[in-house]
Amino acid sequence: MLLSVQEDLLQFALRAFVTLFVVVDPLGVAPMFVGLTTGMDDARKRAMLSRAVAVAFSVTFFFSWPADFY
Amino acid sequence: MAGGFLLSYLGVTVDAFAISGGVLLFIASVPMLFGHRPGLQAPERSEERAAGEDIAIFPLAIPLLSGPGAITSVLLLTNQARGDLVRLALFAVVIAAVYTISWGVLAAGDRVMARLGQGKVHIITRVLGIILAALAVQYILSGLAGFYATLIGAK
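If you're matching them up, the sequences are chains A and Y in order. Read left to right, the first sequence gives residues 1 to 70 (our numbering). Read left to right, the second sequence gives residues 71 to 225 (our numbering).
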């Protein structure tokens, strides 16, 4: 019983991961990132990248919470 | 859903989101294509401006890393969690994992490009500009297709 519940959870997590990974598509975005940051120094690129990922996470996370929690 | 609630409250559909994202992304691809760097990229330090060349939030975070596709699938997956706290927590971990991996992939990609020469990077930038422009148009087309589906009641 417990095992089947966990399996179900694992399946959900896996499906969520694969779906999100495919739509976020970091492998496809990587070249765009390089193109957009041409001419910037490394520290600046790093800062841009970290900020972009933080913002993207926040936005996506915001959409992942049901309305009844508010 | 909190985000879904906001969108429906404003009467904004994900299709409209896709179209506006596409238009904005297309604008971002133009300087990549023609080698201009107005605002988006400053070739020299003296030209750096605090806000003008900030690509972190737009277009990198939105819509490239968190676009209409990501938002739509998150809304769908949240629905599938059916208010189960464990699933929602798990989903939050999954989102964090996806973006952590994305950070790693982007940082690695940048290091690979750094090893290529300036000339090659220029060529690649132009080619990627074309692809980015096409991607932008694809966003607009998906938005239009989604809107058409709503119109004929298939959705």
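We put the CB at the ideal spot given by N, CA and C, even for glycine.
Compare the C-alpha of residue i against each of the options and name the closest.
{"i": "A178/Y", "options": "A13/A, K45/A, A56/A, A54/A", "result": "K45/A"}
{"i": "A167/Y", "options": "P66/A, T60/A, W65/A", "result": "T60/A"}
{"i": "L103/Y", "options": "I89/Y, V191/Y, I222/Y", "result": "V191/Y"}
{"i": "L94/Y", "options": "A140/Y, Q188/Y, P133/Y", "result": "P133/Y"}
{"i": "S212/Y", "options": "I89/Y, G153/Y, G187/Y, T142/Y", "result": "I89/Y"}
{"i": "I141/Y", "options": "G28/A, Q6/A, E7/A, L20/A", "result": "L20/A"}
{"i": "G199/Y", "options": "P66/A, V29/A, Q6/A", "result": "V29/A"}
{"i": "P66/A", "options": "L77/Y, L186/Y, V182/Y", "result": "L77/Y"}
{"i": "V18/A", "options": "V197/Y, S143/Y, F128/Y", "result": "S143/Y"}
Considering only the beta carbon of each residue, do residue i and residue j sit closer than 7 angstroms?
{"i": "T38/A", "j": "T195/Y", "result": "yes"}
{"i": "L176/Y", "j": "S99/Y", "result": "no"}
{"i": "L145/Y", "j": "A151/Y", "result": "no"}
{"i": "F96/Y", "j": "A206/Y", "result": "yes"}
{"i": "V164/Y", "j": "A54/A", "result": "no"}
{"i": "D180/Y", "j": "V34/A", "result": "yes"}
{"i": "L92/Y", "j": "Y209/Y", "result": "Note on identity: in this sequence residue 92/Y is Gly, with Leu being the wrong assignment. Contact flag set, yes."}
{"i": "S136/Y", "j": "A16/A", "result": "no"}
{"i": "A184/Y", "j": "A52/A", "result": "no"}
{"i": "F75/Y", "j": "P138/Y", "result": "no"}
{"i": "S172/Y", "j": "P31/A", "result": "no"}
{"i": "D85/Y", "j": "G216/Y", "result": "yes"}
Between residue i and residue j, which are expected to be in contact by the criterion C-beta below 8 angstroms, what is the C-beta distance as a whole number of angstroms?
{"i": "T83/Y", "j": "S64/A", "result": "Incorrect: roughly 19 angstroms between the Cβ atoms, too far for contact."}
{"i": "L160/Y", "j": "L9/A", "result": "6 angstroms"}
{"i": "M48/A", "j": "A204/Y", "result": "That belief does not hold up - the Cβ atoms of M48/A and A204/Y are roughly 23 angstroms apart, past 8 angstroms."}
Report the residues of the segment 28-41 of chain A with a CB closer than 9 angstroms to any CB of chain Y, ordered along the chain. G28, V29, A30, P31, M32, F33, V34, G35, L36, T37, T38, G39, M40, D41
Short of 7 angstroms Cβ to Cβ, which residues in the segment 167-193 of chain Y face chain A? A167, V168, Y169, I171, S172, W173, V175, L176, A177, G179, D180, M183, V191
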